[in-house]
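Trainee: Line order of the protein sequences matches chains A and B.
Each residue of the first sequence is one higher than the last, beginning at 1 in the working numbering.
Each residue of the second sequence is one higher than the last, beginning at 1001 in the working numbering.
Beta carbons are placed, not taken as given, at the ideal position from N, Cα and C, and that holds for glycine.
Predicted, not measured: the structure shown is a model, and the values here were computed from it.
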Amino acid sequence: MTTREYMLGNVAIARGLLEGGVQLAAGYPGTPSSEIIDTLASREGRDYYIEWSVNEKVAMEVAVGAAWAGVRSVVTMKHVGLNVAADPFMTLAYAGTKGGLIAIVADDPSCHSSQNEQDTRRYAQFALVPCFDPSTPQEAKDMIPYAFEFSEKFEIPVIFRPTTRISHGKSDIELGGIPTDKPEPNFEKLLDRWVMLPKNARPRHTHLLSIQKAMEDALAESPWNSLELKPDAKLGVIGAGIASVYAKEALEELGLEASFLKIGTYPVPKKLILEMLETVNAVLIFEELEPIVEEQVKLIAQEAGLPVTVMGKAGSFVPREGELDISAFLEALKKAFDLDVEPETGSISLELAPRPPALCAGCSHRATFYSMKKVFGKDAIYPSDIGCYTLGIQSGTVETTLCMGSSISIASGLYHAGEKRPICCSIGDSTFFHTGMNSLLNAVFNKANITVTILDNRITAMTGHQPNPGVGYTITGEPTVEVSLAELCRAMGTGSVAVVDPYNLEETQEAFKAAKDFEGTAVVIAKQPCVISGKRAGIKRIPYVVDPEKCEGCKQCVKFGCPAIEFDEENKRAVITALCSGCGVCAQICKFDAIREVKR
Amino acid sequence: MSERAGVKKIDLLITGVGGQGAILASDIIGKAAVVSGIPIRAAETHGMAQRGGSVVNHIRLGSDFGSMIPKKGADIMLALEPMEAVRYLDFLKDGGVIIVNTQPIIPVTVTSGMAKYPDVQEILDTLSEKYIVKAFNADDLAYEAGSRLAMNVAMVGAVSGYLPVPKESLLESVKALVPQKTIEINVRAFEMGRRKVEES
């Protein structure tokens, strides 16, 4: 009897790694990839090494070390993380591996929680590395052991690219066995492979190009690509990855006679594409983000001299941005073949209030931003970074967000460009360890006159509370060195470093004033645990209430933007709700002394 | 509702606000479906939305395609919050069933005076024009059962009669997924939610 379990896609991927005999897993948290490492870490009786690394480049290099020692390793990240890890990755494609290495890079079409929508399949093409593109969580799990074997057979790293709907989709998953016999690590000193001097790199590039055809042929035979030719169909549909299930479902619902090719691997299965092109007059290609399959199909059609009409992103049948779904497929079919398949729309007209995500009630970042704004004022410039605190955009203190770690360097650039306004940037603790450190070092070295605020909430919060070098324990809960942000900043030569409690507005504002007056790069570290992880760790504070007798209805506390503070329009008084976590910042803001702790 | 491999196909949408327990609600149904041998696909909102944002979960029982419900494809919507019921109506079939918790959660855009929260009765009246609406205050019901935190489980109970999953399997998965100490309260909340819809 087979075992089936209800699983999140990322949990299924973690299971696939176990079934594939993984021996080392490293990653940097990033939605939608984070639960893969979290799941592997929470497993009892682990027989593999696991870590959260400080950034994706480092994680990649750790995984490479293991693969060069001949064992199976995995590195996980989100799409933008591969930009950080691209440097080692591009050369790793030349050097290759011994043990299997899978780079799991989760894409986020539609930017559900990302700063862009880049398509990782382009990186696979760029690096000449194979890519696996699962269409369901079940397939994602099943592909992983295959991907390890493939990587070892061709001695090349492979990319595994789930998308948000795979990673955060759930399904009943049929489980396979987990191997217990794993190879001993044995680093072989292959200097012409592991030392990428020009003399060694040149022939490796030739080698990499030489194996492309063999990899493509092997992948075409794999179960991840499948062609269903309908004898009389003149229309062909090609679906890639998750887009293939949307297309398939719509075709079945419509009962449309079309040949169907599902693609789950790159380089694309040319053989199968050619087979389809030989039988149809027109083909519609359905893939998320970049027209990668489409470009290949056009090349193949042209090389073979086949007069097939190829429709997809070109001609705007399928959008090049955002997430696809069944409606998008029906829309494309309708446009391409003038079919009557328009889904009716008919929503109800009621004005709804937007519900954007917001900083939690009692989040220390809100208090830090409040003090920052008080001291630096409206005129100052506020570069920021990537993390929960980006939601502080409502506080007016998040004016740039480019990529992890960039806030400090952008602040430096603004200053060196000659900006005369005060510049105060902000960055989270994990982001600072990720790539903010380099930027601070650069700012100090090149004498940027800026204030750097490190929002130290003692955890990597936004992605689900993963530990970082500042918290004092590893992913498995083992105690480790607790790196001091203040000492680190001082060691880099920062002339002014202050550590404050953001819940104490006076203390924080004094520190910001001193930092603003300081000539050179000043650091203010606002330290207070994340309210969610703090609550889990047992921190209990007494909630606050508004005294309606004293409240003048001035709305100062409401403007602070805490979700626990509402305004009672009827009585013209502020009200604190059950969401209050007891940080007490609003009590410090109230001029009328109307906010106090709940009496016990 | 098409039949696939003898299982009735039901597309269910759960809508609400980050922190209300939409994921746990969908997990209860998902786990129970697997135990009952029903294929299931689901998609959920993670990450940013946990900070009080709008969330939507797709659940497809008896489906072996993708996890995303097509527009106008959902048979039932389980709305943990009234305004969030309206936000995702595009996904619900005409004449579909909406089970809605009438307890509003006011977003920051409203507390800060940038937007207005629509009148709850007006929401319900508008919904009733096109859909079958079962509305009650699930927060109060859960409080009666022993804890407001059991609201999501009360709502699962409320929708349970519409699902092709046996009630016993659903209750087993409630017991397996809620914190040990709260099993009794949650089972009570489930039963009360179920009765609320049966009686209406």
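For Ala218 (chain A) and Ile211 (chain A), what's the separation of their Cα atoms in angstroms?
Mentor: Within the first sequence, the letter at position 218 stands for residue 218 (chain A). Within the first sequence, the letter at position 211 stands for residue 211 (chain A). Cα to Cα, the separation comes out at about 11 Å.
Trainee: Name the residue from A:Asp568, A:Cys551, A:Met492 and A:Ile565 whose alpha carbon lies nearest to the alpha carbon of Lys591 (chain A).
Mentor: Your numbering for residue 591 (chain A) matches position 591 in the first sequence. Among A:Asp568, A:Cys551, A:Met492 and A:Ile565, the Cα nearest to that of Lys591 (chain A) is on A:Cys551.
Trainee: Can you give the Cα-Cα distance for Asp340 (chain A) and Leu272 (chain A), rounded to whole angstroms?
Mentor: For this step, residue 340 (chain A) is matched to residue 340 along the first sequence. For this step, residue 272 (chain A) is matched to residue 272 along the first sequence. Those two C-alpha atoms are separated by around 30 Å.
Trainee: Per DSSP, Leu1012 (chain B) is paired with what?
Mentor: As a first step, residue 1012 (chain B) must be located in the second sequence, where it is residue number 12. Paired residues: B:Ile1059 and B:Ile1076.
Trainee: Which of the three DSSP states is assigned to Tyr146 (chain A) in this structure?
Mentor: Here residue 146 (chain A) refers to the residue found at position 146 when the first sequence is read from its first residue. Three-state result, Tyr146 (chain A): helix.
Trainee: What are the boundary residues of the alpha helix (DSSP H) that includes Tyr123 (chain A)?
Mentor: Reading the first sequence from its first residue, position 123 is the one you call residue 123 (chain A). Tyr123 (chain A) -> alpha helix (DSSP H) spans Thr120 to Ala127.
Trainee: Leaving out the 5 sequence neighbours to the left and right, which residues in its chain are closer than 7 Å to Leu18 (chain A) when beta-carbon positions are compared?
Mentor: For the purposes of this step, residue 18 (chain A) is identified with residue 18 of the first sequence, where counting begins at 1. Ile178, listed in sequence order.
Trainee: Given Glu597 (chain A), which residues of its chain have a CB within under 7 Å of its CB, disregarding the five upstream and five downstream residues?
Mentor: By 1-based counting over the first sequence, the position of residue 597 (chain A) is 597. Ile542 and Tyr544.
Trainee: Quick one: what does DSSP say Arg1004 (chain B) is sitting in, helix, strand or coil?
Mentor: Locating residue 1004 (chain B) in the second sequence gives position 4, counting from the first residue. Since pLDDT at Arg1004 (chain B) reaches only 44, below the 50 mark, its modelled position is unreliable, and no value is offered.
Trainee: So, are the CB atoms of Ile238 (chain A) and Ile263 (chain A) less than 8 Å apart?
Mentor: One-based indexing of the first sequence puts residue 238 (chain A) at position 238. One-based indexing of the first sequence puts residue 263 (chain A) at position 263. Contact: yes.
Trainee: Could you pull the start and end residues of the alpha helix (DSSP H) that Val375 (chain A) belongs to?
Mentor: Position 375 of the first sequence, counting from 1, holds the residue named residue 375 (chain A). Val375 (chain A) -> alpha helix (DSSP H) spans Ser364 to Phe376.
Trainee: Going along the chain, which residues of its own chain have a beta-carbon closer than 6 Å to the beta-carbon of Gly21 (chain A), five neighbours each way excluded?
Mentor: Here the question's residue 21 (chain A) lines up with position 21 in the first sequence. Within the same chain, Gly21 (chain A) has close Cβ partners Arg72, Pro179 and Lys182.
Trainee: Using 8 Å as the Cβ pair cut-off and three pairs as the minimum, do the segment 128 to 145 of chain A and the segment 75 to 85 of chain A touch?
Mentor: Segments in contact, no.
Trainee: For the segment 1082 to 1093 of chain B, which residues have a beta carbon sitting closer than 7 Å to at least one beta carbon of chain A?
Mentor: So the list reads Met1083, Val1086, Arg1087, Leu1089 and Asp1090, given in the order they occur along the chain.
Trainee: Using a Cβ-Cβ cut-off of less than 7 Å, list which residues of the segment 325 to 340 of chain A approach chain B; keep chain order.
Mentor: From the segment 325 to 340 of chain A, only Asp325, Ile326 and Ser327 have a Cβ closer than 7 Å to chain B.
Trainee: Look up Ile285 (chain A) in the DSSP assignment and give the residues it is bridged to.
Mentor: Taking the first residue of the first sequence as 1, we reach residue 285 (chain A) at position 285. Answer is A:Ile238, bridged to Ile285 (chain A).
Trainee: Rounded to whole angstroms, what's the CA-CA distance from Leu208 (chain A) to Ile156 (chain A)? Just pull it up for me.
Mentor: Here residue 208 (chain A) corresponds to residue number 208 of the first sequence, with the count starting at 1. Here residue 156 (chain A) corresponds to residue number 156 of the first sequence, with the count starting at 1. If I take the Cα positions, the gap works out to 9 Å.
Trainee: Apart from the five residues on each side of it in sequence, which residues of its chain come closer than 7 Å, Cβ to Cβ, to Asn442 (chain A)?
Mentor: Taking the first sequence and counting its residues from 1, the one referred to as residue 442 (chain A) is at position 442. Once the five neighbours on either side are set aside, the close Cβ partners of Asn442 (chain A) are Ser409 and Ser412.
Trainee: By alpha-carbon positions, which one of A:Thr309, A:Leu350, A:Arg421 and A:Ala12 ends up nearest to Leu235 (chain A)?
Mentor: Taking the first residue of the first sequence as 1, we reach residue 235 (chain A) at position 235. Residue A:Thr309 is the option with its Cα nearest to Leu235 (chain A).
Trainee: Step through the CB atoms of chain A and report whether any lies within less than 8 Å of the CB of Ile1106 (chain B).
Mentor: On the second sequence, residue 1106 (chain B) is found 106 positions in, with the first residue counted as 1. Yes, because at least one Cβ of chain A sits closer than 8 Å to the Cβ of Ile1106 (chain B).
Trainee: Around the C-beta of Gln302 (chain A), are 16 or more other C-beta atoms found within 10 angstroms, so that it is buried, or is it exposed?
Mentor: Stepping through the first sequence from its first residue, residue 302 (chain A) is reached at position 302. Exposed is the call here.
Trainee: What would DSSP say about Leu274 (chain A), mapped onto helix, strand or coil?
Mentor: For the purposes of this step, residue 274 (chain A) is identified with residue 274 of the first sequence, where counting begins at 1. Residue state, collapsed to three classes: helix.
Trainee: Can Tyr389 (chain A) and Leu440 (chain A) be called in contact, C-beta distance under 8 Å?
Mentor: Translated into the one-based positions of the first sequence, residue 389 (chain A) becomes position 389. Translated into the one-based positions of the first sequence, residue 440 (chain A) becomes position 440. No, the pair does not count as a contact, with Cβ atoms beyond the cut-off.
Trainee: On the CB-based measure, 16 or more other CB atoms within 10 Å of its CB, does Arg43 (chain A) come out buried or exposed?
Mentor: What you label residue 43 (chain A) is simply residue 43 of the first sequence in a count that begins at 1. With fewer than 16 Cβ atoms within 10 Å of its Cβ, Arg43 (chain A) is classed as exposed.
Trainee: In whole angstroms, what separates the C-alpha of Ala486 (chain A) from that of Asp517 (chain A)?
Mentor: Here residue 486 (chain A) refers to the residue found at position 486 when the first sequence is read from its first residue. Here residue 517 (chain A) refers to the residue found at position 517 when the first sequence is read from its first residue. Distance between the alpha carbons of Ala486 (chain A) and Asp517 (chain A): 19 Å.
Trainee: Between the Cα of Thr460 (chain A) and those of A:Gly30, A:Arg4, A:Thr508 and A:Leu8, spot the shortest distance and give me the residue it belongs to.
Mentor: As a first step, residue 460 (chain A) is located in the first sequence; it is residue number 460 there, counting from the start. Among A:Gly30, A:Arg4, A:Thr508 and A:Leu8, the Cα nearest to that of Thr460 (chain A) belongs to A:Gly30.
Trainee: Taking only runs of the beta strand (DSSP E) that begin and end inside the segment 457 to 513 of chain A, which ones reach a length of at least 3 residues, in chain order?
Mentor: List check, beta strand (DSSP E) in window: 496 to 500.
Trainee: Can you find the residues in the same chain that come closer than 6 Å, C-beta to C-beta, to Glu1003 (chain B), ignoring five residues on each side of it along the sequence?
Mentor: Along the second sequence, read from residue 1 onward, the residue named residue 1003 (chain B) stands at position 3. Bear in mind that a pLDDT of 42 at Glu1003 (chain B), under 50, signals an unreliable position, so the model cannot answer this.
Trainee: Does Tyr370 (chain A) come within less than 8 Å of chain E when only Cβ atoms are used?
Mentor: The question asks about chain E, but that chain is absent: this structure's protein chains are A and B.
Trainee: For His168 (chain A), count neighbouring Cβ atoms within 10 angstroms of its own Cβ and tell me buried if that reaches 16, exposed if not.
Mentor: As a first step, residue 168 (chain A) must be located in the first sequence, where it is residue number 168. With 16 or more other Cβ atoms within 10 Å, it is buried.
Trainee: Which residue or residues does DSSP assign as beta-bridge partners of Gly428 (chain A)?
Mentor: Here residue 428 (chain A) refers to the residue found at position 428 of the first sequence. Paired residue(s): A:Leu455.
Trainee: Counting only the same chain and skipping the five closest in sequence on each side, list residues whose C-beta sits under 8 Å from that of Ser1067 (chain B).
Mentor: Counted from its first residue, the second sequence places residue 1067 (chain B) at position 67. Excluding positions up to five away in sequence, the list reads Arg1041, Ala1042, Ala1043, His1058 and Arg1060.
Trainee: Could you tell me which chain A residues have their CB closer than 8 Å to the CB of Ala1043 (chain B), listed as they occur along the chain?
Mentor: For the purposes of this step, residue 1043 (chain B) is taken as the residue at position 43 of the second sequence. Going along chain A in sequence order, the residues near Ala1043 (chain B) (Cβ under 8 Å) are Arg165, His168, Gly169 and Lys170.
Trainee: May I have the straight-line CA-CA distance separating Ser171 (chain A) from Tyr6 (chain A), to the nearest angstrom?
Mentor: If you number the first sequence from 1, residue 171 (chain A) lands on position 171. If you number the first sequence from 1, residue 6 (chain A) lands on position 6. Going from the Cα of Ser171 (chain A) to the Cα of Tyr6 (chain A) covers about 6 Å.
Trainee: If Lys270 (chain A) sits next to Ile292 (chain A), beta carbons under 8 Å apart, how far is it from one beta carbon to the other, in whole angstroms?
Mentor: Working through the first sequence from its first residue, we reach residue 270 (chain A) at position 270. Working through the first sequence from its first residue, we reach residue 292 (chain A) at position 292. At roughly 14 Å, the Cβ-Cβ gap does not stay under 8 Å, so Lys270 (chain A) and Ile292 (chain A) are not in contact.
Trainee: Under three-state DSSP, which class holds Phe132 (chain A)?
Mentor: What you label residue 132 (chain A) is simply residue 132 of the first sequence in a count that begins at 1. Looking at Phe132 (chain A) - three-state DSSP - the assignment turns out to be strand.
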